[in-house]
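Residue numbers (full-length UniProt numbering): 1 to 333. For each residue, glycine too, the CB sits at the ideal point set by N, CA and C. Since we're looking at a predicted model, the values are computed, not measured.
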């Protein structure tokens with residue numbers, strides 16, 4: 001049994017996937033960076049201190065942009081904050097297990113590179129660094145897995161981190177990882193899985209969340225708004241997303257789901273986004289919300305409680321949705 005509560009506390013973390021992603025989010029450095037700096041500071045002022053990033057975040061020449069921008073955001077926040085104690089931020093850095101990283105040392109060097117981008121001065125005031133395996137290669141290169149574990153182990157032994165994390169792994173892979181790292185006395189802080197009202201919750205989410213709870217591993221649910229499909233007013237920014245949404249939006253059951261969310265939101269004096277995010281929390285995950293403007297942060301970081309009866313009402317219409325959201329191809333069993 002591992003207790004990760006001292007590493008990941010139940011607050012809404014902020015994700016940075018869109019910070020450099022032109023393909024899905026039409027990122028534009030000239031117009032977005034100033035807004036992102038303001039959004040980060042707003043999130044910190046609202047109590048958010050967990051931030052998720054990845055060395056592969058950013059399309060094309062912008063690969064790694066999210067990591068560099070995240071550090072810039074924290075430096076800016078620290079330099080402009082009034083004196084006094086601040087929660088030390090936790091940077092969960094997902095490191096991609098590219099197929100050419102066949103040794104523990106090669107994967108460790110990738111972890112070290114992310115650490116250097118995010119934590120230049122490893123003092124007591126610096127952010128907490130949690131290196132995480134972005135996905136498991138068990139479906140296509142299973143023998144690579146132990147080398148990746150070895151890289152995470154070396155990061156721990158060399159003092160880069162006090163815990164490690166995982167992403168996109170199911171119950172079998174999580175149990176294997178837990179057995180390996182428990183023997184090394186290394187805590188697994190978290191496992192990230194895609195979870196929203198359009199996920200196949202019963203098949204892709206439920207079992208691994210239950211197991212994680214038994215093991216003391218915090219489950220983070222990313223994409224709680226389904227890439228924006230579960231928002232009250234969907235923006236047209238990002239043509240690829242619009243194309244992905246068309247088939248789901250034509251499903252009458254999806255419309256019933258949105259109407260149910262709107263009804264509950266009105267009763268709570270909240271937004272559709274608040275209710276969709278609260279549903280993820282109600283399933284035992286900490287929602288990992290991506291945003292890059294202040295208004296979005298103010299809305300999405302508001303915690304709204306929904307009761308058991310409302311959860312059941314949402315689940316009833318959710319299960320009737322014939323068309324599900326896109327499943328992450330890297331999710332393993």
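**Prompt:** On the premise that residue 97 lies in contact with residue 135, defined as a C-beta separation below 8 Å, what is that separation, rounded to the nearest angstrom?
**Reply:** 7 Å
**Request:** Could you please give the first and the last residue of the uninterrupted alpha helix (DSSP H) stretch that includes residue 314?
**Result:** 308 to 318
**Message:** Tell me the residue span of the alpha helix (DSSP H) that contains residue 416.
**Reply:** Examination of residue 416 is not possible in this model, given that the chain is present from 1 through 333 alone.
**Three-way DSSP call (helix, strand, coil) for residue 6 in this model** = Because residue 6 sits at a pLDDT of 45, beneath the cut-off of 50, its placement in the model cannot be relied upon, and the following sentence gives the value as read from the coordinates. DSSP places residue 6 in the coil class of the three-state scheme, outside both helix and strand.
**Asked** For the ligand ZN, is there a heavy atom less than 7 Å away from the beta-carbon of residue 222?
**Response** The ligand ZN is absent from the structure shown, which contains no ligands of any kind.
**Message:** At the level of alpha carbons, what is the spacing between residue 185 and residue 154?
**Reply:** 13 Å
**Prompt:** Whole-angstrom Cβ separation of residue 221 and residue 287, contact assumed at under 8 Å?
**Reply:** 5 Å
**Message:** Please give me, in chain order, every unbroken run of the alpha helix (DSSP H) with length at least 4 that falls completely inside the stretch 182 to 225.
**Reply:** Within the stretch 182 to 225, the complete alpha helix (DSSP H) segments at least 4 residues long are 206 to 215, listed from N- to C-terminus.
**Prompt:** Tell me the DSSP bridge mates of residue 287?
**Reply:** 221
**Other residues of its chain near residue 190: CB distance less than 6 Å, five sequence neighbours each side excluded** = 8, 165, 218, 220
**Prompt:** What three-state label does DSSP hand residue 153 in the structure shown?
**Reply:** helix
**Request:** With distances taken Cα to Cα, identify the nearest neighbour of residue 325 among 316, 198, 163.
**Result:** 198
**Asked** Which residues mark the beginning and the end of the alpha helix (DSSP H) in which residue 41 is found?
**Response** 29 to 45
**Message:** If I follow the unbroken alpha helix (DSSP H) through residue 24, where does it start and stop?
**Reply:** For residue 24, the enclosing alpha helix (DSSP H) starts and ends at 22 to 25.
**Proximal residues to residue 99 (C-beta, below 6 Å), its chain only, five neighbours per side dropped** = 141
**Request:** Taking the CB atoms as reference points, tell me whether residue 332 and residue 168 lie closer together than 8 Å.
**Result:** yes
**Asked** Cβ of residue 298 within 8 Å of Cβ of residue 94?
**Response** For residue 298 and residue 94, no; Cβs fall outside 8 Å.
**Prompt:** Going by the CB atoms, is the gap between residue 224 and residue 203 shorter than 8 Å?
**Reply:** Taking the C-beta atoms as reference points, residue 224 is found no nearer than 8 Å to residue 203.
**Message:** Do residue 114 and residue 55 have their beta-carbon atoms positioned less than 8 Å apart in this structure?
**Reply:** yes
**Message:** Can you tell me where the beta strand (DSSP E) holding residue 52 begins and where it ends?
**Reply:** 50 to 54
**Prompt:** Where does residue 171 fall in DSSP's three states?
**Reply:** helix
**Close beta carbons around residue 192, own chain, < 6 Å, minus the five adjacent residues each side** = 167, 220, 222
**Asked** I think residue 268 touches residue 317, with their Cβ atoms under 8 Å apart; what is that distance to the nearest whole Å?
**Response** Wrong, their Cβ atoms sit about 17 Å apart, outside the cutoff.
**Request:** Would you identify the three-state DSSP class for residue 89, choosing helix, strand or coil?
**Result:** coil
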